[in-house]
Amino acid sequence: MPAGARHPIIMLAEHVADTFIAMGWELAEGPEVETEQFNFDALNFPADHPARGEQDTFYIAPEDSRQLLRTHTSPVQIRTLLARELPVYIISIGRTFRTDELDATHTPIFHQVEGLAVDRGLSMAHLRGTLDAFARAEFGPSARTRIRPHFFPFTEPSAEVDVWFANKIGGAAWVEWGGCGMVHPNVLRATGIDPDLYSGFAFGMGLERTLQFRNGIPDMRDMVEGDVRFSLPFGVGA
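Each residue of the sequence shown is one higher than the one before, counting from 1 in our numbering.
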């Protein structure tokens with residue numbers, strides 16, 4: 001038995017990064033310990049939004065520090081828009097934290113991939129084309145996506161993304177994959193961008209969830225328990 005093996009989440013993250021780099025996008029990173037300003041305020045979360053509560057978010061003492069463990073990789077979008085010249089096409093991949101109990105379909109620490117494009121003249125059509133290309137890269141050439149109306153504070157209009165693909169246990173089905181939408185004008189204004197001149201789209205998916213339903217993994221706990229026997233079928237042992 002090898003002493004170790006590359007974890008499939010790391011391999012998936014690298015494949016996602018390679019996919020978007022090949023499309024001309026750039027990678028962007030940000031800190032895991034964030035402020036409310038970047039995690040909530042600049043992303044148009046109202047002060048009374050339930051996601052700000054301690055039932056969803058890990059805050060860091062003291063209480064008045066306004067620091068937290070980021071609940072999504074979206075703060076990277078804000079930091080990028082403040083630091084870079086337009087146009088921007090970036091992908092961010094990293095760990096995020098929420099107060100979920102560890103069970104078959106949830107984990108309090110999970111990896112998220114988010115994409116952000118801000119340019120002149122972008123529309124939902126550009127978002128749909130990007131999502132379809134992403135789905136084909138991860139689920140095979142026959143994969144396709146559909147979107148359903150939803151609500152997120154940081155996008156308008158907003159949608160949930162489903163992906164259709166042939167799964168590992170036979171057959172094909174629609175599965176909920178993530179969220180997406182056009183960047184809310186308030187988010188653009190928060191970063192000094194005129195929404196009358198520029199538009200953007202964004203999307204986000206969980207890597208654990210993607211790996212779970214793509215590869216037919218029944219229990220998400222297998223991904224975090226560190227058993228080399230789980231990782232070996234996905235890559236090379238060491």
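Virtual Cβ for every residue (Gly too), placed ideally from N, Cα, C.
Just so you know, these numbers come straight off a predicted model, no measurement behind them.
**Message:** Just to confirm my understanding: we take Arg128, look at its own chain, exclude 5 residues before and 5 after, and list those with CB closer than 8 Å. What are they?
**Reply:** Thr145 and Ile147
**Message:** Just to confirm before moving on: does the CB-CB distance between Ile78 and Gln67 stay below 7 Å?
**Reply:** no
**Message:** Pro8 and Glu34 - do their beta-carbons sit closer together than 7 Å?
**Reply:** no
**Request:** Could you check how far apart the C-beta atoms of Met205 and Gly178 are, in whole angstroms? I think they sit under 8 Å.
**Result:** 3 Å
**Three-state class that DSSP yields for Gly237 in the structure shown** = Note that Gly237 has pLDDT 49, beneath the 50 cutoff, so the model's placement of it is unreliable and the number below is only indicative. Strand at Gly237.
**Neighbourhood of Thr100 by C-beta, 7 Å cutoff - its chain only, sequence neighbours within 5 removed** = Reading off the sequence, residue 100 comes out as Asp, not Thr. Same-chain partners within the cutoff: His106, Thr107 and Pro108.
**Asked** Cβ atoms of Thr155 and Gly181: under 7 Å apart, would you say?
**Response** yes
**Three-state class that DSSP yields for Phe40 in the structure shown** = coil
**Prompt:** Can you tell me whether Leu188 is buried or exposed, with buried defined as 16 or more other CB within 10 angstroms of its CB?
**Reply:** buried
**Request:** Count the other C-beta atoms from every protein chain shown that fall within 10 angstroms of the C-beta of Ile21, then say buried if there are 16 or more, exposed otherwise.
**Result:** exposed
**Close beta carbons around Phe151, own chain, < 8 Å, minus the five adjacent residues each side** = Ser158
**beta strand (DSSP E) segment containing Gln112, residue limits** = Ile109 to Asp119
**Message:** By alpha-carbon positions, which one of Gly200, Glu138, Met23 and His72 ends up nearest to Glu36?
**Reply:** His72
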